[in-house]
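Residue numbers for the sequence shown, in numbering that gives the first Met the number 0: 0 to 192.
Structure record follows, encoded as structure tokens.
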Amino acid sequence: MIVDDESILRMDIREILQEHGYEVVAEAGNGESAVELAHRHRPDLVLMDVKMPKINGVKAGRIIHQKLGIPIVLLTAYSDGALIEEAKNSGVLGYLVKPVGESDLIPAVEIALAQGDRLHRLSCNVHRLEKQLEIRKLVERAKGILMQEHGLSEQSAYQMLRSESMNQRVSLERMAQDVIAGRLRFDRRSANP
């Protein structure tokens with residue numbers, strides 16, 4: 000997606016991208032439209048001017064990146080330090096100073112796409128690990144309850160949870176939640192495997 004308040008510049012960038020096999024799914028002339036179109040089209044990358052009406056490119060880029068995880072490359076005629084610092088803190092993956100030519104644009108696009116993909120994979124891994132840790136904490140709490148209620152060893156409490164999980168064909172997470180919530184009670188026979 001290309002976002003710039005200058006339609007001629009958008010057209011030039013679109014032509015360069017299309018010549019290199021990229022598809023431009025949307026174009027916007029201001030930051031507000033950029034946020035709306037990013038939600039609608041979910042582009043792989045947003046090329047966005049910094050100085051625009053309504054919402055500037057840094058703010059719009061921050062919103063798009065935080066809410067959608069889409070990589071952003073900023074385009075600007077300005078290269079002052081304060082602007083670069085603001086861009087760095089917004090999650091932007093690239094920064095090109097205008098005028099932007101093919102020799103600058105294509106490498107920046109390819110690097111931003113690769114970095115965006117890498118960040119997405121890392122985010123998925125973090126989410127998966129957080130979920131595993133959450134499940135482990137639930138299982139530990141449920142084991143503690145079973146150990147206390149039935150005088151079991153840690154291994155026996157875990158085995159009881161696991162066996163009951165398989166018998167009822169529910170996840171270990173669900174079984175642990177039921178034990179913690181008091182929705183599941185084991186009788187003495189099942190407590191002594």
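We treat Cβ as the ideally placed atom computed from N, Cα and C, and that holds for glycine.
Practice prompt. Could you check the C-alpha separation between GLU22 and LYS130 for me, to the nearest Å?
Written response: Within the sequence shown, residue 22 is the residue found at index 23, counting from 1. Within the sequence shown, residue 130 is the residue found at index 131, counting from 1. In a straight line, the C-alpha of GLU22 is about 35 Å away from that of LYS130.
Worksheet item: According to DSSP, is VAL138 helix, strand or coil?
Response: By 1-based counting over the sequence shown, the position of residue 138 is 139. Helix.
Worksheet item: If we ignore side chains and look at the alpha-carbon of each, how far apart do ASP48 and ILE15 end up?
Response: Working through the sequence shown from its first residue, we reach residue 48 at position 49. Working through the sequence shown from its first residue, we reach residue 15 at position 16. ASP48 and ILE15: Cα-Cα distance of roughly 16 Å.
Worksheet item: Which partner residues of ALA33 appear in the DSSP bridge assignment?
Response: Here residue 33 corresponds to residue number 34 of the sequence shown, with the count starting at 1. Looking at the DSSP assignment, ALA33 forms no beta bridge with any residue, so it has no partner.
Worksheet item: Which residues mark the beginning and the end of the beta strand (DSSP E) in which ILE48 is found?
Response: For the purposes of this step, residue 48 is taken as the residue at position 49 of the sequence shown. Residue identity check: residue 48 is Asp in the sequence provided, not Ile. In this chain, the beta strand (DSSP E) harbouring ASP48 covers 45 to 48.
Discussion item. Below 8 Å on the Cβ atoms is my contact criterion, and I expect LEU92 with GLN65 to pass it. Report the Cβ-Cβ distance as a whole number of Å.
Written reply: To locate residue 92, count along the sequence shown from 1; it is residue 93. To locate residue 65, count along the sequence shown from 1; it is residue 66. In this structure LEU92 is not in contact with GLN65, their Cβ atoms being roughly 13 Å apart against a cut-off of 8 Å.
Fill in: Inside the stretch 90 to 167 only - beta strand (DSSP E) runs reaching at least 3 residues
Within the stretch 90 to 167, the runs of beta strand (DSSP E) at least 3 residues long that lie entirely inside it are, in chain order, 93 to 96.
Worksheet item: To which residues does DSSP link GLU26 through a beta bridge?
Response: One-based indexing of the sequence shown puts residue 26 at position 27. Within the DSSP bridge table, the entry for GLU26 names ILE1 as partners.
Worksheet item: Per DSSP, what kind of secondary structure is ILE71 in: helix, strand or coil?
Response: For the purposes of this step, residue 71 is taken as the residue at position 72 of the sequence shown. In the three-state reduction of the DSSP assignment, ILE71 falls in the strand class, which pools E and B.
Discussion item. Here's the rule: buried if 16 or more other CB atoms are within 10 angstroms of the residue's CB, otherwise exposed. What is ASP116?
Written reply: One-based indexing of the sequence shown puts residue 116 at position 117. Exposed.
Fill in: From GLN17, ARG13, ASP3, residue whose alpha carbon lies closest to that of SER32
As a first step, residue 32 must be located in the sequence shown, where it is residue number 33. Taking each of GLN17, ARG13, ASP3 in turn and checking the Cα distance to SER32, the smallest one comes out for ASP3.
Discussion item. Applying the 10 Å Cβ sphere with the 16-neighbour rule, what's the burial state of VAL96?
Written reply: Counted from its first residue, the sequence shown places residue 96 at position 97. Exposed: under 16 other Cβ atoms inside 10 Å.
Worksheet item: When the Cα of LEU193 is compared with those of GLY28, VAL24, ASP79, which residue comes out closest?
Response: Nothing about residue 193 can be reported from this structure: the residues present for the chain run from 0 to 192 only.
Discussion item. Looking at the secondary structure, which residues open and close the alpha helix (DSSP H) in which ASP11 lies?
Written reply: The residue labelled residue 11 in the question sits at position 12 within the sequence shown. Counting along the chain, the alpha helix (DSSP H) containing ASP11 begins and ends at 6 to 18.
Discussion item. Let me confirm a value: ALA180 is counted as buried when at least 16 other C-beta atoms fall within 10 Å, else exposed. Which label applies?
Written reply: For this step, residue 180 is matched to residue 181 along the sequence shown. ALA180 comes out exposed.
Practice prompt. Please state whether DSSP places ALA76 in a helix, a strand or coil.
Written response: For the purposes of this step, residue 76 is identified with residue 77 of the sequence shown, where counting begins at 1. Coil, per DSSP.
Discussion item. Below 8 Å on the Cβ atoms is my contact criterion, and I expect LEU104 with PRO70 to pass it. Report the Cβ-Cβ distance as a whole number of Å.
Written reply: Indexing the sequence shown from 1 puts residue 104 at position 105. Indexing the sequence shown from 1 puts residue 70 at position 71. Taking a contact as a CB-CB distance under 8 Å, the pair LEU104 and PRO70 does not count as one, their CB atoms being some 14 Å apart.
Worksheet item: Can you tell me the Cα-Cα spacing of ALA175 and ARG140, whole angstroms?
Response: On the sequence shown, position 176 is the one that residue 175 refers to. On the sequence shown, position 141 is the one that residue 140 refers to. Their backbone Cα atoms lie some 8 Å apart in a straight line.
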